[in-house]
Amino acid sequence: MPEQAGSADAAVEIAVVGGGLIGAVAVLGIAAQGRRVALVEQAAPATAPGRFGHDLRNIAAAPATRRLLEDVDVWRALAPVPYRAMRVWDARGTGTLVFDAAELDREALGWMLENGPTQVAVWDALRAHPNVVLRVGEPVAGVRAAADRVTLELGAARLDAALLIGADGARSRVRAALGVAAETHETGHAALATVVRTSAPHAGVAYQCFLEDGPLALLPGPEPDLASVVWSQPPAAAARRQALPEPAFCAEIARCMDACLGTIRASDERVVFPLQQLLAASFHPHPRVLLIGDAAHVLHPLAGLGANLGFEDVRALLDVLTRLPLAADPAAPGIWRAFARQRRTRAALMVQAMAGLQRLYAATGPLGQLLRNTGVDWFNRSGPLKRQIMAEAMGLGALH
Ligand SMILES: Cc1cc2nc3c(=O)[nH]c(=O)nc-3n(C[C@H](O)[C@H](O)[C@H](O)COP(=O)(O)OP(=O)(O)OC[C@H]3O[C@@H](n4cnc5c(N)ncnc54)[C@H](O)[C@@H]3O)c2cc1C
2 MPEQAGSADA AVEIAVVGGG LIGAVAVLGI AAQGRRVALV EQAAPATAPG
52 RFGHDLRNIA AAPATRRLLE DVDVWRALAP VPYRAMRVWD ARGTGTLVFD
102 AAELDREALG WMLENGPTQV AVWDALRAHP NVVLRVGEPV AGVRAAADRV
152 TLELGAARLD AALLIGADGA RSRVRAALGV AAETHETGHA ALATVVRTSA
202 PHAGVAYQCF LEDGPLALLP GPEPDLASVV WSQPPAAAAR RQALPEPAFC
252 AEIARCMDAC LGTIRASDER VVFPLQQLLA ASFHPHPRVL LIGDAAHVLH
302 PLAGLGANLG FEDVRALLDV LTRLPLAADP AAPGIWRAFA RQRRTRAALM
352 VQAMAGLQRL YAATGPLGQL LRNTGVDWFN RSGPLKRQIM AEAMGLGALH
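Here the sequence shown stands for residues 2 to 401, where the numbers follow this note's numbering.
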C-alpha cells in the first residue's frame with residue numbers, strides 16, 4: 002500500500018495515530034482481522050545503530066508480548082536476545098533477588114529487543130499489508146469528535162474514522178485535543194541509556210542494582226560481551242555521568258555493579274531521557290476514541306514494563322474487535338466501556354507499584370534496610386508466591 006502524504010480528504014473504519022511500537026502492532030493486528038485501518042504517523046521509523054552496531058534503546062519483552070508479536074507474524078523477523086535469569090540487589094543491603102526461568106520450567110524470562118530494528122520490522126509488515134493505509138509525514142494537528150465520526154486534521158487534509166485510537170506517546174496530541182487530563186507523577190529520575198562492552202560474558206543474565214540514587218541495569222545484548230545500560234538517577238547525576246570521560250564512566254559502572262560482568266571496556270554514546278510516570282484520566286474519553294500505550298500510561302522503566310503494558314492494551318483491544326462482526330460499527334454504544342475500565346485499573350496499579358518499588362529502594366534508615374534485606378531473603382525462599390509473582394511479571398497470568 003503506498004504511503005500517502007498530503008492526500009485529499011478520506012475516510013476509514015479505524016484510524017490509529019502514532020506508529021511507535023504499540024500503535025504499529027495494533028494496526029497490524031487490526032488489519033489481520035480483515036478490517037481496513039489507517040496509521041497516521043509524523044515520521045516513519047529508522048534505525049540509528051550506535052558505535053557497536055546496535056540501538057541504544059531496547060525493551061525487555063515479556064512472554065505475553067512475544068505471543069502477541071507471533072500472532073501478528075512479526076516475531077520471526079526480529080532478533081530477540083533471550084534472558085534466562087535476573088539478579089536484583091540493593092547496594093546498601095545484603096539480599097539478592099534471583100529470578101530464574103528454570104523455576105517456571107521455561108527457557109527464558111523474556112527477550113531483549115532493540116527498539117529501532119523492531120519498529121522497522123513491524124513497519125515492513127504494515128507496508129506489505131493490503132488492509133493498511135499509511136499516512137506518513139502528516140502530524141495530527143487537531144481532532145474533532147462527533148456523534149457519528151471522528152475527524153483528524155492533518156495539515157491541509159482530513160481523515161474521517163468511525164473509531165480513533167490514540168497511540169501517539171507520552172505527549173499525545175490526541176489526548177490533549179480531547180481535553181483529557183493526565184495525572185503525572187514525578188519520579189525525580191532521568192534515565193541514562195547506552196550500550197557497553199564488558200570483559201565477562203553476560204550469559205543471558207540481566208543484572209539490576211538499586212544504588213542510593215536509583216537503579217542501574219545491565220541487560221543482555223546481542224553479543225556475549227555487549228550489555229544495555231539503563232541507569233535511572235536524579236537528572237543532575239545523569240548529566241554528570243553523561244559528560245564523564247569514557248574511561249571514568251566505564252569504571253563507575255563496573256564499581257557500582259560490583260564488577261558483575263568484569264570490567265567495562267568501552268561505552269557507546271550516552272543518551273538521557275526524562276522520566277515521569279503518567280496516567281490519563283480516561284482511556285475512552287469519547288464514544289469513538291480510545292487511548293493506548295504511552296498516550297494512556299507511562300511507567301518508570303525500573304521493571305521494564307512500559308511497552309509490555311502497552312502491548313497488553315493491544316491484546317485486549319484485539320479481543321474486543323474479534324468479537325465484533327466486520328460490518329458492525331467499531332464504536333457501537335458501550336462496547337469499549339469494560340476495556341477502558343479494566344485497562345485503566347491495571348495501568349493505575351502498575352504506576353502505583355513502580356512508585357512503591359522506587360520508594361522502598363530509596364528509603365534510607367534502618368527500617369528501609371531491614372525491609373529490603375529480610376523481605377528479599379523471605380521472598381527468595383517463598384516458593385509458590387515467588388513463582389506466582391514471577392509469572393505475573395512475565396505476563397503469564399495465574400499459574401495452576
Ligand atoms: C530508558 C527506557 C527504557 C525502557 N525499557 C523498557 C523495557 O525494558 N520494557 C518495556 O516494556 N518498556 C520499556 N520502556 C518503555 C517503552 O519504551 C515505552 O513504553 C514504549 O516505547 C511506548 O511506545 P508507544 O508506541 O506507546 O509510544 P511512542 O514510542 O512514544 O510512539 C508514539 C508515536 O506517535 C508519533 N506521534 C506523536 N505525535 C504525533 C502526531 N501529532 N501525529 C502523528 N504521529 C505522532 C511519534 O512520532 C511516535 O512514533 C522504556 C522506556 C525508557 C525511557
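Note that the Cβ used here is the ideal one computed from N, Cα and C, for glycine as well.
Considering just the uninterrupted stretch of the beta strand (DSSP E) at A304, what are its terminal residues?
Where A304 is concerned, there is no enclosing beta strand (DSSP E), given that its DSSP letter is neither H nor E.
Examine ligand 2 and report whether any of its heavy atoms sits within less than 7 angstroms of the Cβ of P64.
This structure lacks ligand 2; the ligands present are ligand 1.
In angstroms with no decimal places, state the Cα-to-Cα distance between H287 and T119.
H287 and T119: Cα-Cα distance of roughly 31 angstroms.
Is it the case that the CB of A296 approaches a heavy atom of ligand 1 more closely than 7 angstroms?
Under cutoff, so the answer is yes.
Who are F59's beta bridge partners in DSSP?
Here residue 59 is Asn; the residue named in the question, Phe, does not match the sequence. Paired residues: E115.
Count the other CB atoms within 10 Å of the CB of P64; is the residue buried (16 or more) or exposed (fewer)?
Under a 10 Å Cβ-count criterion, P64 is classified as buried, with 16 or more other Cβ atoms of the shown protein chains found around its own Cβ.
Return the residue from the list A109, V13, L29 and E154 that minimises the CA-CA distance to L318.
It is L29.
Helix, strand or coil, according to DSSP, for T264 in the structure here?
It is coil, neither helix nor strand.
Where A92 sits in the DSSP three-state scheme
DSSP, read as helix, strand or coil, puts A92 in coil.
According to DSSP, is W337 part of a helix, a strand, or is it coil?
Reduced to three states, the DSSP call for W337 is coil.
Using only CA atoms, which one of N116, V13 and L98 lies nearest to A62?
Cα-wise, what sits closest to A62 is N116.
By DSSP's criteria, H298 is part of a beta bridge. Which residues make up the other side?
Looking at the DSSP output, H298 shares a beta bridge with L280.
Consult DSSP for D161 and reduce its assignment to one of helix, strand or coil.
Looking at D161 - three-state DSSP - the assignment turns out to be strand.
Short of 6 angstroms in beta carbon distance, which residues of its chain neighbour A339, apart from the five on each side in sequence? Order them along the chain.
Setting aside the 5 residues that flank it on each side, A339 has no residue in the same chain whose C-beta is closer than 6 angstroms to its C-beta.
What is the DSSP secondary structure of R136, reduced to helix, strand or coil?
Here R136 sits in strand by DSSP.
Using a 10 Å radius around the Cβ and a threshold of 16 neighbouring Cβ atoms, would you call G20 buried or exposed?
Counting C-beta atoms within 10 angstroms of its own C-beta, G20 has 16 or more neighbours from the protein chains shown and is therefore classed as buried.
Considering only C-alpha positions, which residue in the set S173, R136 and W124 is nearest to L160?
Comparing alpha-carbon positions, the option among S173, R136 and W124 lying closest to L160 turns out to be R136.
Just checking, does the segment 174 to 191 make contact with the segment 84 to 97 on the three C-beta pairs under 8 angstroms criterion?
The way I'd put it, the segment 174 to 191 doesn't touch the segment 84 to 97; fewer than three beta-carbon pairs between them come closer than 8 angstroms.
What I want to know is whether the C-beta of G215 ends up closer than 7 angstroms to one or more non-hydrogen atoms of ligand 1.
For ligand 1, not one heavy atom lies less than 7 angstroms from the Cβ of G215.
Taking just the CA atoms, how far does A11 sit from A356?
A356 and A11: Cα-Cα distance of roughly 43 angstroms.
Quick one: does the C-beta of E42 sit closer than 7 angstroms to a heavy atom of ligand 1?
For ligand 1, at least one heavy atom lies less than 7 angstroms from the Cβ of E42.
Please tell me whether A163 and A296 are closer than 8 angstroms, where the distance is taken between their beta carbons.
Taking C-beta atoms as the reference points, A163 and A296 fail to come closer than 8 angstroms.
Do you know offhand how far A207's Cα is from H298's?
Distance between the alpha carbons of A207 and H298: 25 angstroms.
Proximity test, N132 beta-carbon vs ligand 1 heavy atom, cut-off 7 angstroms
No, ligand 1 has no heavy atom inside 7 angstroms of this Cβ.
How many Å lie between G222 and D269 at the Cα?
Separation of G222 and D269 (C-alpha to C-alpha, rounded to the nearest whole angstrom) is 13 angstroms.
Got a sec, what are the start and stop residues for the beta strand (DSSP E) V230 sits in?
Run containing V230: L227 to Q234, per the beta strand (DSSP E) assignment.
With DSSP as the reference, please indicate the residues paired to M87 in a beta bridge.
In DSSP, M87 forms a bridge with F100 and A207.
Opening and closing residue of the alpha helix (DSSP H) in which T66 lies
Following the DSSP letters along the chain, one finds T66 inside the alpha helix (DSSP H) bounded by residues P64 to D72.
Leaving out five residues before and five after V89 in sequence, what residues of the same chain have Cβ atoms less than 6 angstroms from its Cβ?
Correct list, in chain order: L98 and Q209.
Report the residue from R324, R345, A328 and T346 whose alpha carbon sits nearest the alpha carbon of I336.
Closest by alpha carbon: R324.
Only counting the same chain, and skipping five residues up and downstream in sequence, which positions put a Cβ closer than 7 angstroms to that of A349?
The beta carbon of A349 sits closer than 7 angstroms to the beta carbons of L280 from its chain, once the five residues preceding and following it are set aside; these are given in chain order.
Could you check if Q343 is buried or exposed, using at least 16 other CB atoms within 10 Å of its CB as the buried criterion?
When all chains shown are included, Q343 counts as exposed.
Can you look up E108 in the DSSP assignment and give me helix, strand or coil?
Note: E108 maps to coil in three-state DSSP.
A45 vs W112 beta-carbon contact at 8 angstroms:
Cβ distance not < 8 angstroms, so A45 and W112 don't count as in contact.
Buried or exposed: which applies to T185, given that a residue is buried once 16 or more other Cβ atoms fall within 10 Å of its Cβ?
When all chains shown are included, T185 counts as exposed.
Excluding the five sequence neighbours on either side, which residues of its own chain have a C-beta within less than 6 angstroms of the C-beta of R174, listed in chain order?
Closer than 6 angstroms at Cβ, skipping near neighbours: V141.
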